[in-house]
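Written below as structure tokens is the structure these notes are about.
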Ligand code: ARG
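In our numbering, the protein residues as written are 6 to 593.
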């Protein structure tokens with residue numbers, strides 16, 4: 006259930022009964038201050054303008070027709086025509102009582118039914134190992150995929166890895182020459198264990214040795230023409246590189262698998278068709294030997310147009326050509342309703358161009374929604390792009406290893422008595438959770454500064470804080486009885502009864518879970534869910550201080566109601582963090 010949606014639907018309907026045009030909505034939002042109630046409707050002024058009437062007068066007529074008595078104890082007009090809604094404690098209590106609450110934690114909450122959604126994320130270039138530049142796409146895309154799936158949508162993950170292009174000629178040439186040095190033994194797997202070094206060596210030879218460079222160029226041609234031996238080397242390289250990625254995904258707890266890989270090379274056979282179809286539609290012109298689309302939409306201030314190049318002089322295809330083929334496949338074969346792309350903001354123009362061109366060419370169905378979800382850079386402490394101390398790119402495996410090592414030190418300080426393997430396990434969950442959460446909790450549109458101390462802090466909007474809040478609730482249950490009391494699911498004992506103000510605040514927050522997930526689903530902004538979980542944990546801490554649970558003298562029904570609130574908080578933290586791809590622990 007989404008309270009905001011429920012109120013919005015009902016007030017909007019009432020406005021329409023009063024003659025407001027279809028485009029007018031109630032614009033319901035949570036109230037900024039408690040004296041304004043729990044929610045407020047802000048759309049009355051705009052509606053009055055449309056109806057050419059006085060907003061307060063419209064608000065008065067609205068209250069006469071609107072019946073919210075089942076959910077609200079008070080609905081009042083404020084200021085120039087705001088409507089403030091105070092929800093009933095009884096209704097909050099009921100809504101949290103099973104089986105209702107479980108309905109709210111499963112299945113999709115927003116109306117409109119299930120859609121099919123492609124999520125294009127991670128997409129590393131397989132010529133090298135994954136580095137920090139791939140972290141944001143991988144983490145944010147995965148969280149959004151999980152949220153949409155949780156809501157009941159059909160999610161198709163697409164890992165659009167870069168496995169094609171001239172670099173592979175150079176890499177194959179290096180593989181072949183190592184095999185030859187090994188006396189023809191063709192297994193170069195050991196050298197490929199460190200792809201970064203392998204790439205650097207190949208690049209150096211390409212730059213320094215003309216013969217090697219020529220061989221590399223030959224290999225590109227052979228690869229493209231389907232030469233079997235060349236393909237076999239390439240395939241071996243790709244396999245090993247994908248293994249590297251999978252190791253990173255596994256360590257990160259990212260849900261991508263081999264089945265989600267749909268590489269650039271998968272579209273090879275369609276690239277010539279893409280170009281000829283664009284030509285047939287009159288969308289291309291030849292410019293200095295290249296095939297280009299000049300669309301008015303991309304006119305610059307000086308009147309020139311930034312072209313979309315789909316075929317280079319000499320016949321080679323480009324990144325944009327492959328993306329056009331991918332769009333056609335996603336629309337007509339996967340038949341998706343939405344396609345979301347998580348890449349850094351520098352690719353914004355690229356996506357606007359391919360989306361526009363794909364629509365003009367009729368490569369995608371009109372009703373499909375194409376959404377680039379850009380993100381900013383990950384910066385170092387100095388505000389410059391994140392680098393190693395010596396100025397190199399940071400490999401993702403190294404970053405994750407450091408996260409776990411730092412977390413291990415912290416865990417050891419806090420719990421020196423725990424056996425080492427347990428401390429290692431906690432450190433893994435905390436360290437990886439911290440890195441992911443630090444990224445997810447910021448609005449992805451801006452750059453963010455990577456800082457070990459803040460992300461690993463047990464205070465503030467961090468993963469360790471939320472994981473700790475969860476473990477703390479679990480410890481309440483351990484204290485309450487061993488085995489922990491099973492709360493009745495029905496009958497009088499199952500009821501939650503919201504009385505105290507801290508209980509009310511917590512109850513309200515618990516019921517707003519769907520609002521948070523809906524907003525992630527719509528806008529692709531996981532930071533909304535992070536903020537929600539952080540506030541939930543804060544509300545719980547205040548509740549726990551103000552409302553004793555296990556103290557002597559607390560009546561049994563009050564105790565059970567509070568235990569139920571605590572249990573729901575733990576479940577919500579676990580589910581919410583789970584949607585962000587972050588695990589919790591029973592103790593830490
Ligand atoms: N391989 C690309 C890169 O590293 C990202 C791929 C994004 N997806 C896409 N369909 N273009 O920048």
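Cβ atoms here follow ideal geometry from the backbone N, Cα and C, with glycine treated the same way.
Since the structure is predicted, the reported quantities are computational estimates derived from the model, not experimental observations.
Where does residue i land, buried or exposed, given buried means 16+ other C-beta within 10 angstroms?
| i | result |
| --- | --- |
| residue 581 | buried |
| residue 269 | buried |
| residue 504 | exposed |
| residue 466 | buried |
| residue 230 | exposed |
| residue 129 | buried |
| residue 458 | exposed |
| residue 226 | exposed |
| residue 606 | It is not possible to answer for residue 606, since the shown part of the chain is limited to 6 through 593. |
| residue 7 | buried |
| residue 521 | buried |
| residue 164 | buried |
| residue 43 | buried |
| residue 194 | exposed |
| residue 290 | exposed |
| residue 39 | exposed |
| residue 296 | buried |
| residue 306 | exposed |
| residue 315 | buried |
| residue 508 | buried |
| residue 451 | exposed |
| residue 589 | buried |
Taking just the CA atoms, how far does residue j sit from residue i?
| i | j | result |
| --- | --- | --- |
| residue 416 | residue 557 | 33 Å |
| residue 201 | residue 211 | 15 Å |
| residue 141 | residue 394 | 21 Å |
| residue 427 | residue 419 | 13 Å |
| residue 74 | residue 537 | 28 Å |
| residue 543 | residue 572 | 15 Å |
| residue 115 | residue 541 | For residue 115, the pLDDT reaches just 48, beneath the cut-off of 50, and the residue's location in the model is therefore unreliable, although a value from the coordinates is still provided. Rounded to the nearest angstrom, the two C-alpha atoms are 21 Å apart. |
| residue 321 | residue 585 | 40 Å |
| residue 186 | residue 236 | 21 Å |
| residue 79 | residue 91 | 5 Å |
| residue 261 | residue 48 | 42 Å |
| residue 430 | residue 265 | 28 Å |
| residue 276 | residue 311 | 21 Å |
| residue 167 | residue 93 | 55 Å |
| residue 179 | residue 207 | 6 Å |
| residue 221 | residue 131 | 17 Å |
| residue 241 | residue 136 | 21 Å |
| residue 113 | residue 155 | Residue confidence for residue 113 is low, a pLDDT of 42 falling below 50, so the modelled location carries little weight; the figure read from the coordinates is stated next. Each residue's Cα considered, the two are about 7 Å apart. |
| residue 204 | residue 176 | 7 Å |
| residue 14 | residue 71 | 11 Å |
| residue 2 | residue 234 | Summary: the structure shown does not reach residue 2, with the chain confined to residues 6 through 593, and so no result is reported for it. |
| residue 425 | residue 592 | 15 Å |
| residue 443 | residue 253 | 18 Å |
| residue 22 | residue 31 | 13 Å |
Please state the DSSP three-state secondary structure of residue i.
| i | result |
| --- | --- |
| residue 479 | helix |
| residue 255 | helix |
| residue 341 | coil |
| residue 589 | coil |
| residue 373 | coil |
| residue 383 | strand |
| residue 559 | coil |
| residue 538 | helix |
| residue 29 | coil |
| residue 180 | helix |
| residue 552 | coil |
| residue 90 | strand |
| residue 112 | Unreliable positioning characterises residue 112 in this predicted model, as indicated by a pLDDT of 43, which lies under 50. A coordinate reading is not provided. |
| residue 162 | strand |
| residue 574 | helix |
| residue 315 | strand |
| residue 347 | strand |
| residue 290 | strand |
Below 8 Å on the Cβ atoms is my contact criterion, and I expect residue i with residue j to pass it. Report the Cβ-Cβ distance as a whole number of Å.
| i | j | result |
| --- | --- | --- |
| residue 257 | residue 143 | 7 Å |
| residue 432 | residue 412 | 4 Å |
| residue 5 | residue 577 | Absent from the model: residue 5. The displayed extent of the chain is 6 to 593, so no value can be given. |
| residue 60 | residue 69 | With 8 Å as the limit, residue 60 and residue 69 do not qualify as a contact, their Cβ atoms being about 15 Å apart. |
| residue 134 | residue 249 | 5 Å |
| residue 555 | residue 484 | 6 Å |
| residue 366 | residue 286 | 5 Å |
| residue 360 | residue 146 | Rounded, the Cβ-Cβ distance is 18 Å, inconsistent with contact. |
Answer with yes or no whether the minimum CB distance from residue i to chain C is below 8 Å.
| i | result |
| --- | --- |
| residue 302 | Of the protein chains in this structure there is only one, and it is not chain C. |
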